[in-house]
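Colleague:
Chains as they are written, first to last, in my numbering: chain A, 26 to 218; chain B, 97 to 360.
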């Protein structure tokens, strides 16, 4: 039980997907305009990452490993995750339209998102058990959500700032992101044993 | 034989996996099909499909839905430009520009000559910077700072700063609203392009106070309210406001205004 908490804590803070692993930077910079859209994106990522962690675990240990095809896991994962997301999207559209309207528009964006694939691959690399995998996927996505929502707040403030002309727009965004990443590097010294 | 097996196994496994997923999704499409707004789908097909997020929405389909609902402008796609905007406008059945043509208007008349200043500003040549020093150099809390941040951002070069206030050239103004977002005092408003009467003041101070620092500030005397036959003018927080949905552009308010702030 403690192991799972440690994995989740590390996934949210010390090994934050955006700020220390640098996965999922594209949605991080693209969809962090408003805190509300950022939250929607974060929720969609949480949803998909948790489910895909479970699905890829099953594919790896039930299909790839017995056949000795571990080296093809990246391709298999992309295939499975993309299909899974498409399937979930259609399912939600039909049966849970309210959830679809809040998540649905973000789902196609993250079908082959590097953060989602990254979570699956890290799970295999760390040899996590099934429960650990799902917990890791969920917690990583929570960390992602936190990062993107916090950054959306920073961006909202930044609209009123007046940087030098050369830094306006995207450059200052990258600088702000790097400052946030530096702040998160403070967590990296934490060790649990 | 061993090598053949090594090549064939993954090939077969992946073909099966792919076919399985394909069939699953094909079935799911049929089983889970729902009706969607046709316009949203049509708009989605003319958008570039790059899902860049440049418009501020999560992707092209999100923008398409927002346009279909009327939440976003038909020209919201920054990548597609005018070409895509025209196609989207065709689907939505509107003109590429908004149905009522608008123009920007700076709601202030306080030039160097008729509005007092509280200090001499010597700083960055930008309204946003000046606005942070006590809200700008004018005594008026909502006076035009006149450093031309709006003019610098205007894509059509329709704004010039003349004697301390920004002036929009109605002939050049396309009503895009970029300046509205950049004015730190929130002074620029979009009004219908054919509107001939507008209130050249936004000052919410009481008339007695306004008189002390500005010769052309609205004092909230309500003469315009009384003279307006259409009932389009209201005075809220000591400043007159024209409701362009009701305004008949008769011009009587402009004649009556004792401070000559309502202009034609």
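Glycine is no exception: its CB is placed at the ideal position from the N, C-alpha and C atoms.
Taking only three categories from DSSP, how would you classify residue 181 of chain B?
Modeller: Against the second chain, residue 181 of chain B aligns to sequence position 85. The answer is helix: DSSP assigns residue 181 of chain B an H, G or I state.
Colleague: What would DSSP say about residue 321 of chain B, mapped onto helix, strand or coil?
Modeller: Working through the second chain from its first residue, we reach residue 321 of chain B at position 225. DSSP places residue 321 of chain B in helix when its eight states are reduced to three.
Colleague: Only counting the same chain, and skipping five residues up and downstream in sequence, which positions put a Cβ closer than 6 Å to that of residue 306 of chain B?
Modeller: Stepping through the second chain from its first residue, residue 306 of chain B is reached at position 210. Excluding residues within five positions, the ones whose Cβ falls inside 6 Å are 299, 313 and 315.
Colleague: Quick one: which chain B residues come within Cβ less than 9 Å of residue 101 of chain A?
Modeller: Position 76 of the first chain holds residue 101 of chain A. Going along chain B in sequence order, the residues near residue 101 of chain A (Cβ under 9 Å) are 109, 110 and 113.
Colleague: What is the residue span of the beta strand (DSSP E) that residue 203 of chain B lies within?
Modeller: Counted from its first residue, the second chain places residue 203 of chain B at position 107. First-last for residue 203 of chain B: undefined, no H or E at that position.
Colleague: Checking contacts by CB at 8 Å: is residue 60 of chain A closer than that to chain B?
Modeller: Residue 60 of chain A sits at position 35 when you count from the first residue of the first chain. By this cut-off, residue 60 of chain A is not an interface position.
Colleague: Between which residues of its own chain and residue 285 of chain B is the CB-CB distance below 8 Å, once the five residues before and five after are set aside?
Modeller: As a working mapping, residue 285 of chain B is identified with position 189 in the second chain. Around residue 285 of chain B: 200, 201, 203 and 276.
Colleague: Under 8 Å, do residue 211 of chain A and residue 75 of chain A count as touching if we go by C-beta distance?
Modeller: Walking along the first chain from the start, residue 211 of chain A turns up at place 186. Walking along the first chain from the start, residue 75 of chain A turns up at place 50. Their beta carbons are not under 8 Å apart, which means residue 211 of chain A does not touch residue 75 of chain A by this criterion.
Colleague: Which residues in the same chain as residue 195 of chain B place their Cβ atom closer than 7 Å to its Cβ, once the five residues preceding and following it in sequence are excluded?
Modeller: For this step, residue 195 of chain B is matched to residue 99 along the second chain. Below a pLDDT of 50, predicted positions are generally treated as unreliable, and residue 195 of chain B, at 47, falls in that range; the measurement from the model is reported next regardless. Excluding positions up to five away in sequence, the list is empty.
Colleague: Hey, would you say residue 342 of chain B sits closer than 8 Å to residue 326 of chain B, going by beta carbons?
Modeller: Stepping through the second chain from its first residue, residue 342 of chain B is reached at position 246. Stepping through the second chain from its first residue, residue 326 of chain B is reached at position 230. Yes.
Colleague: Report yes or no: is there a C-beta of chain B within less than 8 Å of the C-beta of residue 124 of chain A?
Modeller: Here residue 124 of chain A corresponds to residue number 99 of the first chain, with the count starting at 1. With 8 Å as the cut-off, residue 124 of chain A does not count as an interface residue toward chain B.
Colleague: Could I get the ranges of all uninterrupted alpha helix (DSSP H) runs contained in the segment 294-360 of chain B, with 4 residues as the minimum, in chain order?
Modeller: 303-309, 319-323 and 348-352
Colleague: Just verifying my parser: in three-state terms, what is the DSSP assignment at residue 286 of chain B?
Modeller: The residue given as residue 286 of chain B occupies position 190 in the second chain. Three-state result, residue 286 of chain B: strand.
Colleague: Our contact map puts residue 281 of chain B next to residue 238 of chain B with C-beta atoms below 8 Å; I'd like the distance itself, whole angstroms only.
Modeller: Counted from its first residue, the second chain places residue 281 of chain B at position 185. Counted from its first residue, the second chain places residue 238 of chain B at position 142. Residue 281 of chain B to residue 238 of chain B, Cβ: 5 Å. Contact.
Colleague: Which residues, taken in chain order from the segment 175-208 of chain A, show a beta carbon closer than 8 Å to some beta carbon of chain B?
Modeller: 185 and 187
Colleague: Note the first and the last residue of the continuous beta strand (DSSP E) segment covering residue 262 of chain B.
Modeller: In the second chain, the residue the question calls residue 262 of chain B occupies position 166. Run containing residue 262 of chain B: 261-264, per the beta strand (DSSP E) assignment.
Colleague: Thinking residue 348 of chain B and residue 317 of chain B are a contact (beta carbons under 8 Å), I'd like their distance in whole angstroms, please.
Modeller: Here residue 348 of chain B corresponds to residue number 252 of the second chain, with the count starting at 1. Here residue 317 of chain B corresponds to residue number 221 of the second chain, with the count starting at 1. No, residue 348 of chain B and residue 317 of chain B are not in contact; Cβ-Cβ is about 15 Å, not under 8 Å.
Colleague: Kindly identify the DSSP beta-bridge partner or partners of residue 199 of chain B.
Modeller: For the purposes of this step, residue 199 of chain B is identified with residue 103 of the second chain, where counting begins at 1. For residue 199 of chain B, which the question treats as bridged, DSSP gives the partners B:287.
Colleague: Between residue 363 of chain B and residue 140 of chain B, is the Cβ-Cβ spacing less than 8 Å?
Modeller: Examination of residue 363 of chain B is not possible in this model, given that chain B is present from 97 through 360 alone.
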